[in-house]
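Please read the structure below before turning to the comments.
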Amino acid sequence: MSVLLDYLLEILQGLGTTLSLFVIALVIGFVLASAVAAFQIRFPGIVARSIWSLMFCIRGVPLLLILYVVYYGFPLLPFIRETVLWTVFASPYWCAIICLAFVEMAFTSEIIRGAYYQTPREQVEAARSLGLSGFQTFRVAILPAMLRNGFAPYTTEVILLCKSTALAFTITVMDLMGYANEIRARTLDIYHPLLIAGCIYICIVVITRLILSTLFNLVAVGGTAPEDRA
Amino acid sequence: MIDYLASGWGLQFLSAIGTSLTVAALGFFFCILIGILCTLFARSGFRGSAGLVSLYTYVFRSLPDILLLILIFYTLDGAIQALLHLVPGMSGVRLSAYVPAVISTSIVLGAYATELFRAGWADIPQGQHEAGRSLGFTTLQSLVLIILPQVYRKIIPHLGSLCLISLKETALLSIIGIPDIVRTASIGARSTGAPFVFYGIAIAIFVIFAILCSRIFAHLEQRVRQDRAGAR
Amino acid sequence: ARDLVLANEGGFPPYNMTKADGTLEGFDIDIGMSICKIIGANCTWVTNEWSGIIPALMARKFDVIIGGMGITDERRKTVVFSEPYARTYSFFGVVEGKELDVTPKGLAGKIVGVQQGTTNAKFIEANYPDTKLQLYPSMDTLTADLKIGRVDAVFGDVEPFTGDKGDGPKLVEIGEPVAVSEGIGMAFRPDDISLRDEFNKALGQMKSDGTWKTLSEKWGIPVYE
Amino acid sequence: MSAAASIPMPDKGPIAMNDTSHTPAIEIVGMSKWFGSFHVLEDIDLKVKQGERIVVCGPSGSGKSTMIRCINGLEDFQRGRIVVHGQELRQRARALDDVRKKVGMVFQQFNLFPHLTVLENCTLAQRWVHKVPGSVAIDIAMQQLEKVRIPEQAQKYPGQLSGGQQQRVAIARSLCLRPSIMLFDEPTSSLDPEMVREVLDTMADLARDGMTIICVTHEMGFARGIADRIVFMDQGRIVEQAPPAEFFDAPREERTQRFLEQVVR
Amino acid sequence: MSAAASIPMPDKGPIAMNDTSHTPAIEIVGMSKWFGSFHVLEDIDLKVKQGERIVVCGPSGSGKSTMIRCINGLEDFQRGRIVVHGQELRQRARALDDVRKKVGMVFQQFNLFPHLTVLENCTLAQRWVHKVPGSVAIDIAMQQLEKVRIPEQAQKYPGQLSGGQQQRVAIARSLCLRPSIMLFDEPTSSLDPEMVREVLDTMADLARDGMTIICVTHEMGFARGIADRIVFMDQGRIVEQAPPAEFFDAPREERTQRFLEQVVR
Ligand SMILES: Nc1ncnc2c1ncn2[C@@H]1O[C@H](COP(=O)(O)OP(=O)(O)OP(=O)(O)O)[C@@H](O)[C@H]1O
Ligand SMILES: Nc1ncnc2c1ncn2[C@@H]1O[C@H](COP(=O)(O)OP(=O)(O)OP(=O)(O)O)[C@@H](O)[C@H]1O
Ligand SMILES: [Mg+2]
Ligand SMILES: [Mg+2]
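Residue numbers (the numbering used here), protein chains in the order written: chain R, 9 to 238; chain B, 56 to 287; chain E, 8 to 232; chain P, 15 to 279; chain F, 15 to 279.
Written as structure tokens, this is what we have:
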């Protein structure tokens with residue numbers, strides 16, 4: 009029993025890293041995704057389509073591979089190795105954040121686009137026929153609908169991101185999974201460290217869901233959060 | 056790049072692609088099976104069955120896939136081998152690591168598939184079940200002839216992404232030591248000092264597969280949508 | 008003849024390495040095959056991820072680990088070891104041309120890379136309190152990062168450096184070698200004691216007929232007397 | 015009546031009914047049903063003769079749908095009995111399947127199978143439930159589609175048809191199983207006004223052919239023209255039943271009068 | 015008429031119209047519209063006087079919705095002209111916004127903003143478009159909500175109201191902008207029969223107040239009671255226009271007769 013407690017305490021050293029990976033990648037990813045989605049919606053055309061294709065490719069490649077490319081491949085590029093960029097890419101932690109945010113951008117931009125195109129046309133027309141301007145229409149008819157439509161898929165995506173942070177240990181980041189793995193390699197005990205880490209991850213997910221639905225209810229008055237099947 | 060491929064890495068990659076695709080295909084197949092069975096079980100009306108299935112999907116979709124894969128892989132690996140050891144005459148038989156790899160991938164993906172089928176099923180109007188009953192179909196007939204085809208129609212686009220996820224999931228097996236595409240690429244990258252060639256090939260394989268996947272499922276969707284063409 | 012399955016990681020030069028065609032080579036492989044010939048067994052090789060290699064042995068996925076495994080008390084709780092078939096010394100390794108003071112004071116604040124779960128990691132942790140440890144899942148990822156420059160030095164068994172054939176800057180050892188383990192041994196399941204004894208006998212025979220020395224020299228491994 | 019109900023009856027389809035024509039087609043006695051603690055149907059008594067055409071009406075939530083769903087075994091009930099062509103419904107499973115083969119049902123929402131063509135919708139149950147060979151099933155289906163006047167739509171999917179056409183397919187689909195009783199639950203209420211007529215005409219055809227019909231509807235014109243008897247329900251009870259002339263022109267109950275004022279505008 | 019259309023007109027709201035009462039409220043001349051290659055509206059001519067009440071009817075797909083959406087600038091058109099209160103619609107942007115301020119529109123699907131309360135739905139456009147101060151906007155909104163007889167629902171969200179109540183809120187929301195013309199597109203056709211009446215009553219109130227109204231509807235009773243003129247469309251053309259008495263009792267065109275047979279049962 010006391011062994012398990014020791015494990016728990018050791019693994020918990022990685023909690024801060026896991027959480028900061030998660031939150032920082034989430035924020036950067038969302039900002040980038042909004043920009044990408046807004047560009048695609050606002051300026052449809054060849055550029056937007058190329059961006060879409062790029063996002064599509066990113067979505068098709070496993071995060072693990074992206075991590076390897078960035079961590080082991082990028083340092084061989086002179087313009088990364090020999091410029092200030094190296095201060096960022098030298099750190100496994102920032103490599104992980106960059107990869108996570110990048111993948112998050114690819115998935116979230118599609119969610120935002122999807123939510124935008126699901127906005128009922130009639131709502132927009134109603135706003136227009138009341139004489140509201142383009143921005144006012146966006147504010148009153150489109151944005152709330154996007155929130156409503158995008159909430160469930162975005163929740164799923166946030167949870168996926170949280171789970172993805174666990175891959176950062178493959179590039180030596182000592183997060184929850186990293187410490188669990190170290191114990192595993194040292195003691196050859198596979199189950200206990202992983203089960204303990206698993207419980208912590210479940211707690212994080214439960215709390216994240218709670219925070220998201222609370223936020224949603226704060227922002228989107230006049231209705232409860234749509235059923236979240238995620 | 057040709058040099059590397061000719062010097063034996065080409066064959067390595069071919070076998071890695073074979074490994075990844077086989078594991079992905081089997082994983083996809085079994086996770087769908089799990090999805091259907093769990094959905095049926097959840098709807099069977101047994102006490103607590105729905106709760107059990109919810110617990111499975113909730114927990115499995117909250118835990119990092121890599122953590123689950125390692126846990127299930129070693130548990131299964133030990134369990135299967137221990138069982139084999141008990142059977143007289145089988146004690147010398149060694150099971151390849153692929154069996155537990157496929158099973159653990161399927162169980163992890165099964166949680167996603169279950170959620171997909173449950174959602175698709177819930178979207179089928181109650182009237183369809185009732186129409187089936189009032190025409191005298193048995194439960195099994197109504198399931199196979201009426202309900203599942205409609206669930207399939209509803210979830211095709213998601214099946215497409217699930218198929219892609221299956222392949223991406225095999226990348227995680229490289230951490231356990233299965234020689235899949237990612238493992239081959241990273242070993243190659245390190246031992247030749249030409250990472251961009253090897254990682255580039257791996258990325259290309261995944262992108263090609265993603266395109267194929269989206270094409271195939273868009274086509275399937277198209278075929279299914281023909282009944283929506285036209286008026287109303 | 009009976010069948011035996013031997014296992015290692017397949018990425019720990021010069022003990023074991025994967026060739027481009029997927030087959031294995033290295034000191035472990037040569038030693039293993041020689042023993043198999045002596046005891047008259049039909050041997051095949053498999054590879055397994057390092058951190059899961061002992062559970063896999065216990066799950067009977069294979070019978071012997073011949074994979075450059077250091078003999079430690081922690082491992083003895085689970086498996087039984089053969090007599091050591093190689094001595095390992097651990098060194099600090101750096102990129103050629105780099106000056107580094109490898110005393111605890113000199114390495115304070117520096118980053119040292121070590122393979123996860125090894126005796127080396129424990130050693131650094133115990134003796135270099137102010138050094139930042141970076142843990143790697145395998146030796147080749149570790150050397151890769153040393154060449155890239157993310158770590159100032161690595162601390163590990165000497166052989167992987169000498170066996171490194173990759174491109175880029177050369178790696179050299181600095182400082183005095185430290186013996187952090189009791190040597191390299193082969194691991195067996197505790198219920199396979201008789202197999203272990205057979206292997207020990209074969210090792211003794213190889214020692215006396217000189218095969219063992221020839222192989223050590225072939226792979227550049229310090230001869231164990 | 016329980017004596018009559020226990021006589022075993024050969025199942026000869028809707029036409030060869032002469033020898034049993036004094037057996038009521040449907041007999042509901044003292045039937046009550048609860049949803050949890052909510053009493054939806056209270057002590058329902060209803061006897062429907064063979065070939066009789068009943069229209070059921072009443073305010074929303076009065077239990078009309080629930081009642082006819084009970085006749086078809088789609089809902090359970092807790093007290094009383096329902097006898098369909100001499101076969102009691104309480105014993106479960108087998109008997110229920112037998113009853114369902116005799117009773118066709120058409121829903122408000124059509125409930126066609128969207129993934130099958132019109133023809134496949136009509137042949138599916140014949141082939142799987144009644145084990146009719148493929149070509150015979152198609153013949154029967156085309157015959158019924160002609161009866162509802164849309165044989166030319168056989169190869170289309172339900173999604174490609176208008177609401178009225180869909181409802182007629184639903185009727186044909188039921189008829190393919192040669193039921194002796196047809197139940198309709200507001201068959202026209204989710205249709206555009208222009209399509210209501212074509213469905214009502216189809217139903218009138220059926221009525222002329224002597225089919226036993228129970229129909230929930232608010233189309234009072236139709237009720238007046240077709241029904242032998244109108245059953246008015248409110249709050250889970252049958253409040254009044256009478257032939258249409260009497261029902262519309264001299265309703266006995268005050269509740270009925272209020273309802274008629276609202277509906278017949 | 016083009017002379018009249020070019021007279022600049024002060025915008026004084028619906029009441030102070032006496033000095034311009036000979037300007038038609040709406041004038042559509044030779045308007046045609048295509049969706050791709052499909053000719054939805056062909057050569058539409060329609061003149062609506064101030065305070066006139068027009069009911070538009072016709073079979074599904076005949077272009078009724080498209081026509082009134084053109085009047086409100088929700089759809090573009092390719093040929094002809096539409097003049098609303100002397101202001102031509104062809105010049106884009108600014109002019110369109112001006113026209114929309116004079117023309118209110120109510121849709122079949124209500125289209126209330128689900129995340130705003132009833133009161134917020136009604137004050138939003140006043141505050142953002144007409145820059146009315148908050149408390150005034152609320153006063154006006156409550157006044158209109160009283161007019162449609164649901165002031166007590168002001169704090170609820172649309173999702174908490176019945177269909178009929180929602181539609182009345184939609185009407186109030188439009189009225190808050192004091193339009194001089196109201197367009198209705200099948201305002202009752204997605205309502206349950208029991209709620210149709212309350213919405214029709216609200217519209218009748220408006221008609222009595224002298225509002226210019228164009229309403230697409232199949233409620234023929236309403237049309238007969240309220241309309242000054244009925245416009246019948248088929249296949250993108252206006253087939254017949256006549257006062258209700260004439261339209262229902264002596265339709266000139268054969269197409270109209272066929273339609274009336276179908277609809278008025
Ligand atoms: N599955 C159910 N569980 C609980 N209550 C139900 C259920 N189905 C129906 N009810 C309730 O039973 C009552 C009768 O419903 P029913 O559908 O039979 O009415 P109806 O007369 O058909 O009304 P309508 O004209 O609206 O179709 C209603 O109050 C309804 O809310
Ligand atoms: N955005 C569009 N693109 C192409 N065709 C359209 C579009 N909107 C409408 N149509 C077509 O234009 C025709 C007229 O449509 P409209 O909605 O005006 O008919 P309607 O008279 O209002 O019919 P309903 O009574 O069904 O509402 C229809 O055939 C319709 O299919
Ligand atoms: Mg009903
Ligand atoms: Mg319309």
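Cβ atoms here follow ideal geometry from the backbone N, Cα and C, with glycine treated the same way.
Rounded to a whole number of angstroms, what is the C-alpha to C-alpha distance between residue i and residue j?
i                         : j                         : result
asparagine 23 of chain E  : isoleucine 38 of chain E  : 11 Å
arginine 237 of chain R   : isoleucine 73 of chain E  : Confidence at arginine 237 of chain R is low in this model, with a pLDDT of 35, below 50, so the placement of that residue is unreliable and no value is reported for it.
proline 128 of chain F    : threonine 270 of chain P  : 38 Å
isoleucine 228 of chain P : glutamine 122 of chain F  : 33 Å
methionine 154 of chain R : glycine 175 of chain B    : 22 Å
cysteine 190 of chain F   : threonine 137 of chain F  : 8 Å
alanine 97 of chain B     : isoleucine 60 of chain E  : 38 Å
serine 215 of chain E     : valine 119 of chain E     : 40 Å
glycine 65 of chain F     : proline 73 of chain P     : 39 Å
leucine 27 of chain R     : leucine 62 of chain R     : 28 Å
alanine 151 of chain F    : isoleucine 164 of chain F : 17 Å
arginine 83 of chain P    : serine 197 of chain B     : 19 Å
leucine 217 of chain B    : aspartate 80 of chain E   : 46 Å
valine 43 of chain P      : arginine 95 of chain P    : 5 Å
Could you tell me which residues DSSP pairs with residue i in its beta bridges?
i                           : result
phenylalanine 98 of chain E : E:Gly163
serine 46 of chain F        : F:Arg93
methionine 4 of chain R     : Outside the displayed span of chain R (9 to 238) sits residue 4 of chain R, for which this structure offers no information.
threonine 95 of chain R     : Note: threonine 95 of chain R sits in no beta bridge, so no partner.
tryptophan 52 of chain E    : E:Leu13
serine 246 of chain P       : Checking the sequence shown, residue 246 of chain P turns out to be phenylalanine, not serine. DSSP output for phenylalanine 246 of chain P lists P:Cys71, P:Glu254 as bridge partner(s).
leucine 31 of chain E       : E:Thr25
Can you tell me whether residue i sits near ligand 3, meaning its C-beta is under 7 Å from at least one heavy atom of the ligand?
i                        : result
aspartate 112 of chain P : no
glutamate 185 of chain B : no
Ligand 4 heavy atoms versus the CB of residue i: any closer than 7 Å?
i                        : result
serine 79 of chain F     : yes
aspartate 206 of chain P : no
CB of residue i to nearest heavy atom of ligand 5: below 7 Å?
i                        : result
glutamate 200 of chain P : Absence of ligand 5 from the depicted structure is noted, with ligand 1, ligand 2, ligand 3 and ligand 4 being the only ligands included.
Say yes only if the C-beta of residue i is nearer than 7 Å to one or more non-hydrogen atoms of ligand 1, and no if none qualify.
i                            : result
valine 253 of chain P        : no
phenylalanine 236 of chain P : no
phenylalanine 9 of chain P   : For chain P, the structure presents residues 15 to 279; residue 9 of chain P sits outside this window and is missing.
valine 69 of chain P         : no
Let me check you understand the geometry: is the CB of residue i closer than 7 Å to at least one non-hydrogen atom of ligand 2?
i                            : result
glycine 75 of chain F        : yes
valine 92 of chain R         : no
phenylalanine 121 of chain F : no
Quick check on residue i - is its C-beta less than 8 Å from some C-beta in chain D?
i                      : result
leucine 138 of chain R : Absent from the structure: chain D. Protein chains present are R, B, E, P and F.
request  = Can you check the region 10-54 of chain R for any alpha helix (DSSP H) of at least 4 residues that lies completely inside it and give the ranges in chain order?
outcome  = Runs of the alpha helix (DSSP H) lying entirely within the region 10-54 of chain R, each at least 4 residues long, are 10-20, 23-50 in chain order.
Selection of the region 133-164 of chain E by Cβ proximity to chain R, strictly under 8 Å = Listed by position, the residues of the region 133-164 of chain E near chain R (Cβ gap below 8 Å) are Gln141, Leu142, Tyr143, Pro144, Thr148, Ala151, Asp152, Ile155, Gly156, Arg157.
key: Short-range partners of chain R found in the region 75-90 of chain E, where Cβ spacing is below 8 Å   = Those residues of the region 75-90 of chain E that come within reach of chain R (Cβ to Cβ, closer than 8 Å) are Glu81, Arg82, Thr85.
key: Contact residues within the region 113-143 of chain P, judged by C-beta distance below 7 Å to chain B   = Within the region 113-143 of chain P, those residues whose Cβ lies closer than 7 Å to any Cβ of chain B are, in chain order, Arg114, Lys115, Met119, Phe121, Gln123, Asn125, Phe127, Pro128, His129, Leu138, Ala139, Trp142, Val143.
request  = Give the residues from the region 187-210 of chain R that approach chain E closer than 8 Å (Cβ to any Cβ), ordered along the chain.
outcome  = So the list reads Asn189, Glu190, Arg192, Ala193, Arg194, Thr195, Leu196, Ile198, given in the order they occur along the chain.
inquiry  = Can you pull out the residues from the region 45-62 of chain E whose beta carbon lies closer than 7 Å to at least one beta carbon of chain B?
reply    = Correct list: Thr54, Asn55, Glu56, Gly59, Pro62.
key: Members of the region 166-189 of chain B near chain P, C-beta cut-off 8 Å   = Residues of the region 166-189 of chain B whose Cβ lies closer than 8 Å to any Cβ of chain P, in chain order: Pro180, Gly182, Gln183, Glu185, Ala186, Arg188, Ser189.
ask   = At a Cβ cut of 7 Å, what residues of the region 75-93 of chain F count as close to chain R, listed as they run along the chain?
value = Of all residues in the region 75-93 of chain F, only Asn86, Leu88 come within less than 7 Å of chain R when Cβ atoms are compared, listed by chain position.
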